[in-house]
Structures are given as structure tokens and as C-alpha cells.
Amino acid sequence: MGIYDNYPYYGPYQQRPTQQAQTGMIWVQGEAGQKAYLVAPNTTVPLWDSEDKVIYLKSADASGRPSVRRLRYTIEDEQPAAPVPGTFVTRDELAGVSGKIEELQKRLDAMTEVHHE
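Those letters in the sequence shown? Residues 118 to 234, by this note's numbering.
See below:
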């Protein structure tokens, strides 16, 4: 008999794994993947569906009972429409066109005066 026979053996200390904070997106495969993903108590995790445009907000209450909210999303093109080159004129180009219009107006006025006399 040894000196430690009166003490129970507990074995080596094993630390429980803790869920690390996710900095990226968590992808799951459809509804089945969402159901299989375990969430720690008092935690909410967004799960992105790789098969559909859906985000599952999976939560667990203090007792670990899960609940899920399903969000459907759309991807919108956020690129502003680029101006088409050549659709704008400079002030000099506008002044040139304005001068040509005035010249044509004078010619038209001169032609109408000749016909009225």
C-alpha cells in the first residue's frame, strides 16, 4: 500500500475547449448545415448559407436551447454610373455653338426681311 492510496485519482486536468470569436464569415451548407452547427449558450452567430442567399441568425439561450431567424439578402450593384466620355462640352465649345446660332438667326432675319418688302 502506498501513501496516496486514500486519495481518489482524478487524472490529468483537461481544459474545456472554448469557442473562439469568429472574425470571418461562417459558411454552412443549407438548412442541414445550420441545424448541425452548435452555438454556445447566450450566444448569437450569423451563419451564411453557401447554397442560397440566406443568413441564419442562430442563437442559444442560457440553457443552450437554440433558435434560428432566417434572413434572405440581395446583392446590389453599388458602382455609380460612370459618365460617358464626350457627353459634356466645355465653355468654349458652348460659346462657339452659341455664336453659330446667332449667325444663323441673323441670316434668317435677313431672309425674312427681303421677302416682306
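The beta carbon of each residue, even a glycine, is placed where N, CA and C say it ideally should be.
query: Which ranges does the beta strand (DSSP E) cover as unbroken runs of at least 3 residues, wholly within the segment 177-211, from first to last along the chain?; result: 183-189
query: Using the DSSP secondary-structure output, state which residues sit across from Thr160 in a beta bridge.; result: Ala177
query: To the nearest whole angstrom, what separates the beta carbons of Leu185 and Tyr173, a pair I think is in contact under 8 Å?; result: Contrary to the premise, residue 185 reads as Val rather than Leu in this sequence. Right, the Cβ-Cβ distance comes to about 5 Å (below 8 Å), so this counts as a contact.
query: Looking at Thr161: is its Cβ nearer than 9 Å to the Cβ of Ser176?; result: yes
query: Below 9 Å between beta carbons: does that hold for Arg182 and Val171?; result: no
query: Verify whether the separation of the beta carbon atoms of Gly147 and Asp169 is less than 9 Å.; result: yes
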